[in-house]
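This report refers to the structure that appears directly beneath it.
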Amino acid sequence: MSELPPTQRDLDMMRHAIALAKETGESGEVPVAAVLYDDTGIVATGSNRREMDSDPTAHAEIVALREAGHVRKSWRFNDCTMAVTLEPCPMCAGALVNARLGRLVFGAWDEKAGACETLYVITEDERLNHTVETCGGVMEKECAGLLSDFFKARR
Numbered sequence: 778m779s780e781l782p783p784t785q786r787d788l789d790m791m792r793h794a795i796a797l798a799k800e801t802g803e804s805g806e807v808p809v810a811a812v813l814y815d816d817t818g819i820v821a822t823g824s825n826r827r828e829m830d831s832d833p834t835a836h837a838e839i840v841a842l843r844e845a846g847h848v849r850k851s852w853r854f855n856d857c858t859m860a861v862t863l864e865p866c867p868m869c870a871g872a873l874v875n876a877r878l879g880r881l882v883f884g885a886w887d888e889k890a891g892a893c894e895t896l897y898v899i900t901e902d903e904r905l906n907h908t909v910e911t912c913g914g915v916m917e918k919e920c921a922g923l924l925s926d927f928f929k930a931r932r
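Read in order, the letters of the sequence shown correspond to residues 778 to 932 in this note's numbering.
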């Protein structure tokens, strides 16, 4: 994990991701959202769409990367940071490595599928062709609260 604390911009982008995740939860999807940004602003956003799209790969991070690829006409995001409300799973962590993401900021740790620190450390595994600087636990309480509130309401 990165020793560097989140910047004010990271916090602002995480707040934006939290707002998107709230909207996503209201639509019935698990409330997870991602914001991909660079020095000039937001490049793309994504929210869970698995139910809506009947697509097991439609996680927030993947949706944001797909949108960003269309916007930039490229699959490389070395100069970008992604703020996501939940620690990416193995599929998403692998996609971030393959997208050459520069930096990842995530909120809540995922004890069941976290692949950036909790269960695996895919984003910083030097055996892979790229590593992603990672900063976890950013606004963790707010991000974890979205998920716990969502699942309490569904029980």
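By construction, the Cβ of each residue, glycine as well, lies at the ideal position given by its N, Cα and C atoms. Keep in mind it's a predicted model, so treat the numbers as computed, not measured.
Out of Trp852, Pro782, Ala798, the CA that lies nearest to the CA of Leu924 is found in Ala798. Restricting attention to Glu864, Phe883, Asp926, the CA atom closest to the CA of Lys889 is found in Glu864. Take Val915, set aside five residues on each side of it, and the residues of its chain with a beta-carbon closer than 6 Å to its own are Pro783, Met791, Val882, Gly884, in chain order.
For Ala885, the enclosing beta strand (DSSP E) stretches over residues 880-885.
Under DSSP, Thr822 forms a beta bridge with Val812. Partner residues in the beta bridge of Ala860, as assigned by DSSP, are Val812, Val882. With respect to the 8 Å criterion, Cys912 and Thr862 are not classified as neighbours on the basis of their beta carbons.
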